[in-house]
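Numbering-wise (this note's numbering), the sequence shown opens with residue 5 and increments by one.
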Amino acid sequence: MATLRRRIMLVASLLSGAMLLGLTAVTVVDVVGRYVLNSPLSGASEMTELLLIGVIFLGIPAITIDQDHLLIDLVTDHFRGAFKDWHHLLVQAIVMGFFAVTGWQVLEHAARLETYGEATVYLGVPYAPIARIAGGLLIFSAFVVLWQIAGRLLRIR
Numbered sequence: 005m006a007t008l009r010r011r012i013m014l015v016a017s018l019l020s021g022a023m024l025l026g027l028t029a030v031t032v033v034d035v036v037g038r039y040v041l042n043s044p045l046s047g048a049s050e051m052t053e054l055l056l057i058g059v060i061f062l063g064i065p066a067i068t069i070d071q072d073h074l075l076i077d078l079v080t081d082h083f084r085g086a087f088k089d090w091h092h093l094l095v096q097a098i099v100m101g102f103f104a105v106t107g108w109q110v111l112e113h114a115a116r117l118e119t120y121g122e123a124t125v126y127l128g129v130p131y132a133p134i135a136r137i138a139g140g141l142l143i144f145s146a147f148v149v150l151w152q153i154a155g156r157l158l159r160i161r
């Protein structure tokens with residue numbers, strides 16, 4: 005299981021890193037073109053949007069696998085024993101439900117986007133495949149949380 009985790013994290017890290025480099029390159033070329041050459045990069049805002057979508061939705065499973073979600077534990081630091089374990093399970097169940105429902109809705113939206121043939125205005129990149137990937141990554145994250153819940157339940161017993 006650790007090997008699978010490492011592979012997923014490696015792929016997510018490499019893809020996210022490449023997208024961040026691409027985002028940086030697009031921004032630099034657009035800014036230099038706009039202010040130095042008086043000719044901005046065509047489609048730069050669309051490229052930026054698409055790269056940001058990639059970074060964000062690739063990051064969600066990686067953060068979920070490492071259980072590195074943002075925590076504000078003003079009160080929960082004081083929980084002890086079984087109550088702390090059950091509280092953590094409840095929070096994980098809520099996160100899993102959120103990922104599952106949101107992923108399902110994004111996949112539904114992807115189907116509508118494909119029906120309408122929606123694409124970016126300048127570059128003509130279709131939105132449906134991107135939405136499908138985003139929805140799939142959210143569903144995958146829900147399964148990761150389900151796996152974590154199962155592992156925690158086995159430890160609690």
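The beta carbon of each residue, even a glycine, is placed where N, CA and C say it ideally should be.
Residue i versus the options, residue with shortest Cα-Cα distance
i      : options                         : result
Val110 : Leu56, Arg136 and Gly21         : Arg136
Val104 : His91, Leu41, Arg159 and Val148 : According to the sequence as given, residue 104 is Ala; it is not Val. Answer by Cα proximity: Val148.
Leu117 : Phe102, Ile134 and Thr106       : Ile134
Thr28  : Tyr39, Val40 and Thr52          : Thr52
Asp89  : Ala6, Leu14, Arg11 and Arg159   : Arg159
Ile143 : Asn42, Glu112 and Glu122        : Glu112
Leu157 : Gly47, His92 and Ile64          : His92
Thr182 : Ile60, Ala22, Tyr39 and Ala48   : Shown here, the chain extends from 5 to 161; a query on residue 182 therefore has no answer.
Met23  : Val99, Glu122, Ile60 and Thr119 : Ile60
Strand pairing of residue i, partner residues [DSSP]
i      : result
Pro130 : Ala123
Contact under 8 Å by Cβ, residue i with residue j
i      : j      : result
Leu45  : Gly58  : no
Ala97  : Ile153 : yes
Leu55  : Val32  : no
Glu50  : Leu127 : yes
Ile67  : Leu141 : no
Gly101 : Gly139 : no
Buried or exposed (CB count within 10 angstroms, at least 16 for buried), residue i
i      : result
Tyr131 : buried
Ser145 : buried
Residues of its chain near residue i, where Cβ-Cβ distance is below 6 Å and the 5 sequence neighbours each way are ignored
i     : result
Leu62 : Ala16, Leu19 and Ser20
Gly26 : Leu55
Close Cβ partners of residue i (< 7 Å) along its chain, the five nearest in sequence each way excluded
i     : result
Ile69 : Arg9, Ile12, Met13 and Val148
Residues of its chain near residue i, where Cβ-Cβ distance is below 8 Å and the 5 sequence neighbours each way are ignored
i      : result
Val129 : Glu50, Leu54 and Ala123
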